[in-house]
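Right, one structure below, let's go through it.
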Ligand SMILES: Nc1ncnc2c1ncn2[C@@H]1O[C@H](COP(=O)(O)OP(=O)(O)O)[C@@H](O)[C@H]1O
Ligand SMILES: [Mg+2]
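Okay, structure coming up:
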């Protein structure tokens with residue numbers, strides 16, 4: 062935080078126009094497009110030429126077994142890791158996201174599993190941490206409270222007793238809610254949640270899934286990492302699967318069922334067809350935009 066950022070995620074010299082219809086999403090120009098993202102740590106190749114589209118107004122579930130590269134990919138978008146190769150295209154322009162601050166300036170917020178909230182601070186203080194509102198050089202507590210309450214209300218978060226209670230006293234689900242509300246309040250365009258429900262009970266999981274749906278209704282692009290296929294099939298519009306650092310599948314939720322996702326997660330391929338595709342009147346799933354069965358490995 063103390064070192065000055067090299068500036069907002071600087072557009073590359075030649076902006077790359079988005080090409081709607083191209084690639085696996087094929088549902089309009091994605092807000093964020095990754096193309097050919099490579100990342101290694103010493104001898105460990107964590108990501109191999111990953112392409113991924115994150116469209117606005119859609120929830121994309123990122124699935125994969127432990128070690129598949131989900132968190133590394135998320136952190137690459139969040140400005141924590143730099144890709145070794147590949148392009149990040151944001152709203153049609155190629156960008157370099159060098160720091161989390163660059164990501165925040167673009168409108169990218171990440172809610173990590175361990176939730177970077179400050180336990181000793183209250184909800185309002187957490188939501189404004191580092192971006193406090195001032196009124197004649199004094200903290201504008203009234204304005205911050207009002208905005209925090211409005212944002213939580215807009216997300217239908219009603220279980221919080223007082224926005225002045227310390228975050229340490231909140232349940233896991235409420236903490237997630239505060240982290241998500243913070244993202245919404247700062248006019249984010251993309252919110253990424255890394256395993257948001259992993260540590261939550263049933264009721265709290267429900268609340269977080271409802272929040273995810275509400276983010277989408279607000280027109281945001283949402284990426285949710287989850288092991289829980291119940292969650293995935295409840296909230297996702299699209300699924301992408303990573304296997305050993307390769308993206309092995311990406312497409313609309315209709316072109317997957319649980320067994321197919323498990324196939325891709327465990328072996329990187331699937332020969333199954335979605336059951337009842339014909340009955341639902343849907344065309345047989347073109348292998349998720351041509352990337353099922355590991356074709357993206359080139
Ligand atoms: N900072 C790091 N340094 C070295 N290796 C890492 C680092 N972060 C992740 N990895 C490796 O990259 C691979 C993908 O990890 P990760 O993205 O955390 O998987 P997951 O899909 O479970 O989130 C793993 O082999 C992991 O050990
Ligand atoms: Mg992870």
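In my numbering, the protein residues as written are 62 to 359. We treat Cβ as the ideally placed atom computed from N, Cα and C, and that holds for glycine.
Whose CA, out of 158, 192, 98, lies closest to the CA of residue 209? It is 192.
Contact check, residue 125 vs residue 253, beta carbons under 7 Å: Contact annotation: residue 125 and residue 253 have beta-carbon atoms that are not nearer than 7 Å.
So for residue 322, helix, strand or coil by DSSP? Taken through DSSP and simplified to helix, strand or coil, residue 322 comes out as helix.
What do you reckon, are the CB atoms on residue 100 and residue 144 nearer than 7 Å? Yes, the pair counts as a contact, with Cβ atoms nearer than the cut-off.
Expressed to the nearest angstrom, what Euclidean distance is found between the alpha-carbon atoms of residue 248 and residue 111? For residue 248 and residue 111, the distance between alpha carbons rounds to 27 Å.
When you measure from the CB of residue 132 to every non-hydrogen atom of ligand 1, does any distance come out below 6 Å? At least one heavy atom of ligand 1 is nearer than 6 Å to the Cβ of residue 132, so yes.
In the structure shown, what three-state DSSP assignment does residue 239 receive? Helix at residue 239.
What are the boundary residues of the alpha helix (DSSP H) that residue 129 is part of? Looking at the DSSP string, residue 129 is not in any alpha helix (DSSP H), and its letter there is neither H nor E.
Hey, how far is the Cα of residue 142 from the Cα of residue 133? Taking the straight line joining both Cα atoms gives about 7 Å.
Can you tell me where the beta strand (DSSP E) holding residue 171 begins and where it ends? Looking at the DSSP string, the run of the beta strand (DSSP E) that includes residue 171 is 169-172.
Residue 270 versus residue 276: straight-line alpha-carbon distance, rounded: Using only the alpha carbons, I get a separation of about 10 Å.
With distance defined between alpha-carbon atoms, name the residue in 301, 179, 251, 168 nearest to residue 230. Considering only alpha carbons, the answer is 179.
Relative to ligand 1, is the shortest distance from any of its heavy atoms to the C-beta of residue 23 smaller than 6 Å? Shown here, the chain extends from 62 to 359; a query on residue 23 therefore has no answer.
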